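Okay, so here's the structure we're looking at.
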Amino acid sequence: MVTYFEFSAEGMPQMMEALSYAIDIGYRHIDTAHLYRVEPEVGKIIDKKIKDGVVKREDLFVTTKVWHHFHREADVEVSVRGSLRRLNLEYVDL
Numbered sequence: 064m065v066t067y068f069e070f071s072a073e074g075m076p077q078m079m080e081a082l083s084y085a086i087d088i089g090y091r092h093i094d095t096a097h098l099y100r101v102e103p104e105v106g107k108i109i110d111k112k113i114k115d116g117v118v119k120r121e122d123l124f125v126t127t128k129v130w131h132h133f134h135r136e137a138d139v140e141v142s143v144r145g146s147l148r149r150l151n152l153e154y155v156d157l
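This note's numbering runs 63 ahead of the 1-based position in the sequence shown.
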């Protein structure tokens with residue numbers, strides 16, 4: 064499941080529904096990025112699916128990206144930590 068597009072507030076419910084359904088039917092790769100502005104919502108769906116017993120965290124492959132403006136060593140760490148916080152995850156897989 065790729066959360067590629069920036070969703071407007073009115074499009075957010077559809078994105079969340081699509082991601083929720085995707086996990087329900089077996090999607091296990093979730094690709095996102097801070098740039099897409101959906102990491103908090105993606106994290107909420109992942110958390111709910113784990114709590115509901117639909118999927119285990121170790122069965123998901125969650126990826127995010129560091130935007131090209133943040134490629135200095137110190138900036139990379141800040142960017143990744145920010146994504147982890149927004150996703151409410153302890154780690155991303157890539």
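Glycine included, C-beta positions come from ideal geometry on N, C-alpha and C.
Predicted model, so just to flag it, every value in this text is computed and none were measured.
- Taken through DSSP and simplified to helix, strand or coil, H131 comes out as helix.
- Per DSSP, reduced to three states, the secondary structure at D94 is strand.
- When DSSP reads this structure, V125 sits in a beta bridge with I93.
- Looking at the backbone, the Cα of Y84 and that of M78 are separated by about 10 Å.
- When DSSP states are grouped into helix, strand and coil, K107 belongs to the helix group.
- In the DSSP assignment, L147 falls within the unbroken alpha helix (DSSP H) covering 136-150.
- In the structure shown, the three-state DSSP call for L157 is coil.
- Three or more beta-carbon pairs separated by less than 8 Å are not found between the stretch 107-123 and the stretch 136-149, which leaves the two stretches without contact.
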